[in-house]
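A short write-up of the structure that comes next.
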Amino acid sequence: MSYSHDSDDEYEKLIRRMNPPRVVIDNEACKNATVIRVDSANKHGILLEVVQVLTDLNLIVTKAYISSDGCWFMDVFNVTDEDGNKITDEGILDYIRKCLGPEACFASSMKSVGVKQSMDHTAIELTGSDRPGLLSEVTAVLTHLKCNVVSAEVWTHNTRAAALMQVTDEETGGAITDPERLSVIKELLCNVLKGSNKSGLAKTEVSQDVTHTERRLHQMMFADRDYERTGTGDDSLDEKQRPNVNVVNCYDKDYSVVTITSKDRPKLVFDTVCTLTDMQYVVFHANIDAEGPEAYQEYFIRHIDGSPVKSDAERERVIQCLKAAIERRVSEGLKLELCTTDRVGLLSNVTRIFRENSLTVTRAEVATKSGKAVNTFYVGGASGYPVDAKIIDSIRQSIGQTILKVKGNPEDLKPASQDSPTRFLFGGLFKSRSFVNFGLVRSCS
1 MSYSHDSDDE YEKLIRRMNP PRVVIDNEAC KNATVIRVDS ANKHGILLEV
51 VQVLTDLNLI VTKAYISSDG CWFMDVFNVT DEDGNKITDE GILDYIRKCL
101 GPEACFASSM KSVGVKQSMD HTAIELTGSD RPGLLSEVTA VLTHLKCNVV
151 SAEVWTHNTR AAALMQVTDE ETGGAITDPE RLSVIKELLC NVLKGSNKSG
201 LAKTEVSQDV THTERRLHQM MFADRDYERT GTGDDSLDEK QRPNVNVVNC
251 YDKDYSVVTI TSKDRPKLVF DTVCTLTDMQ YVVFHANIDA EGPEAYQEYF
301 IRHIDGSPVK SDAERERVIQ CLKAAIERRV SEGLKLELCT TDRVGLLSNV
351 TRIFRENSLT VTRAEVATKS GKAVNTFYVG GASGYPVDAK IIDSIRQSIG
401 QTILKVKGNP EDLKPASQDS PTRFLFGGLF KSRSFVNFGL VRSCS
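With UniProt numbering, letter number 381 in the sequence shown gets 381, and the count goes up by one each step, no holes.
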C-alpha cells in the first residue's frame with residue numbers, strides 16, 4: 001500500500017482537527033507590550049508562519065519565547081506597533097486570531113506561506129550584479145515594452161541585486177499572458193542585467209505566481225550566493241553595525257545553538273527565521289530580546305534530518321547566511337519618499353533622475369494605492385560618498401516639496417561648497433516638459 005502527498009495532507013488535517021491551534025492575546029500581562037501566545041500542533045515552518053503574520057502587520061517583536069519539542073508548538077511574542085504602543089485595534093487583533101487560530105486550519109493548510117495565484121498582474125524576478133543606474137535601466141525597458149510597474153521591491157547586497165516586480169499591461173491593466181511577449185520581456189531584461197559583461201550571472205523569471213515578496217527576495221539572494229564575500233563586496237556597513245553570529249553544538253541535547261547580536265530594527269526576527277527555515281533547519285527553542293537598541297536572538301536548531309550542525313564548513317555557511325540575511329535589509333544612505341498620482345513610466349522617470357544625479361539606489365519599495373504611487377528609495381552618492389544636499393534640494397524644488405520628501409539621517413547629506421550644476425539642468429528640464437507631461441502633482445492626499 002502506498003501513501004500519496006494527499007494522504008499526508010489529510011493526516012495533517014486530522015491532527016489539526018484533534019488539536020486545533022489556540023491563540024491568546026493579552027493586553028494586561030505586560031506593561032509595555034501586547035502578549036500573543038500561540039499553541040498548535042508542531043510542523044516544519046510553523047514558526048515562520050506566525051512570525052510572517054506579525055511582520056506583515058508591521059508589528060515590532062520586543063521579546064519572544066519559543067518551544068516546539070515533541071508534537072506541540074508554543075510561542076509567546078511581546079509586540080508593539082511601530083510607535084511602541086500596545087495593539088488595541090480590534091480589527092488587527094481579530095485578523096491575528098483568524099490567521100493563526102482554528103479558522104485558518106483548512107483554508108490552505110498554510111503549506112506555502114504567502115503564496116497565491118493572481119491574474120491581476122505578472123510577477124518578474126530579477127537577479128544580477130549591482131551597478132549604478134541598474135534600476136533606471138530596468139524600468140526604462142519595462143516602460144518601452146508597455147509595462148506598468150504597480151509594485152516592486154529591490155534589494156542590493158555584496159555587489160548583487162535582486163528585485164521582485166509586479167507589472168501590468170499598459171493597455172489592458174491586467175496580467176501579461178502572451179508567451180511571445182513574455183519571452184521578449186525576459187530576454188531584454190536579462191541583457192540589461194548582464195550589462196557589458198555578457199557572461200555575467202543574471203537571471204530573469206516571469207510568471208503569474210505571487211509569493212510573499214520579502215521571503216522570495218531572501219530566497220533569490222540566497223540562491224545567488226550573495227552571502228559569499230569576495231573581498232570586493234559591500235563594505236558600506238561599519239564593523240560595529242555588522243551582526244555577530246555564533247554557532248556551537250550542545251552535545252548533551254544534540255542541538256546546535258545559534259546566537260545573534262545585532263542592532264535592532266523592524267523585521268529582524270522575520271529575516272533570521274526565514275533564513276533558518278529555507279536552509280532546512282528546525283527551531284526547537286528560541287529566546288529573543290529586542291527591548292533595547294541591540295537585539296539578542298538565541299535559537300536551538302537541528303537540520304530537518306534531525307542532526308545538529310555537522311562540520312566547520314556547515315557552521316561557517318550558517319553564520320555567513322544569517323549575517324547576509326540581516327545585512328540585506330540594512331539601508332545605508334538617505335531615505336527618500338515619493339508620493340504622487342500614479343502613471344505609466346513614473347518609476348522610470350524618477351530613477352532616471354537619480355541616475356543622472358549620480359545617486360545610487362541601494363533599496364527600493366514601490367507600491368500603488370488607490371491610484372497613488374507611494375515609493376521609498378534608499379540612495380547613496382557616487383562611490384559611497386554622502387549625498388550632496390544641494391542636489392537633493394534642486395530635485396525636490398523641481399519635482400515638488402510635498403511629492404519627494406527626505407526621511408533619512410541628516411548626517412547622510414553633505415553640504416555642497418558651490419552651486420550644483422544639476423540645479424539648473426533639472427530646473428530647465430521640468431520647465432520644458434512641464435508637470436503635466438511628467439504626471440506629477442503638487443500634493444498627495
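Beta carbons: idealized from backbone N, C-alpha and C, even for Gly.
Ser262 places its beta carbon 9 Å or farther from that of Val318.
Taking 9 Å as the cut-off, the beta carbon of Gly292 is found no closer than this to the beta carbon of Asp271.
In the DSSP annotation of this structure, the continuous segment of the beta strand (DSSP E) that includes Ile124 starts and ends at Thr122 to Ser129. Excluding its 5 nearest sequence neighbours in each direction, Ala373 has C-beta neighbours in its own chain below 6 Å: Thr340, Asp342 and Leu346, listed in chain order. Distance from the CA of Thr80 to the CA of Asp94, rounded to the nearest whole angstrom, comes to 16 Å. Closest in alpha carbon position to Asn148, among Ala175, Leu134, Ala162 and Gly128, is Ala175.
The DSSP assignment places complete alpha helix (DSSP H) segments of no fewer than 4 residues inside the UniProt domain "ACT" (123–209) at 134–144 and 179–194, in order along the chain. DSSP places Lys390 in the helix class (H, G or I) of the three-state scheme. Between Ile66 and Ala286, the gap from beta carbon to beta carbon is short of 9 Å. Counting other Cβ atoms within 10 Å of its Cβ, Asn27 stays below 16 and is therefore classed as exposed.
With a cut-off of 8 Å on Cβ pairs, the region 391–398 is in contact with the region 348–366, counting three or more such pairs. According to the DSSP secondary-structure assignment, His218 is paired through a beta bridge with no residue. In the structure shown, the three-state DSSP call for Ile288 is strand. Straight-line measurement puts the Cα of Asn249 at about 10 Å from the Cα of Ser311. Scanning its chain for C-beta atoms nearer than 6 Å, with the 5 sequence neighbours on each side dropped, one finds around Ala140 the residues Ser348, in chain order.
In the three-state reduction of the DSSP assignment, Cys321 falls in the helix class, which pools H, G and I. The C-beta separation of Arg363 from Tyr378 comes to about 4 Å, placing the pair in contact by the 8 Å criterion. With contacts defined by Cβ atoms closer than 9 Å, Ala162 and Val150 do not form a contacting pair. One thing to note: Met221 has its Cβ no nearer than 9 Å to the Cβ of Glu125. Measuring C-alpha to C-alpha distances from Gln297 to each of Val309, Lys194, His303 and Leu322 identifies Leu322 as the nearest.
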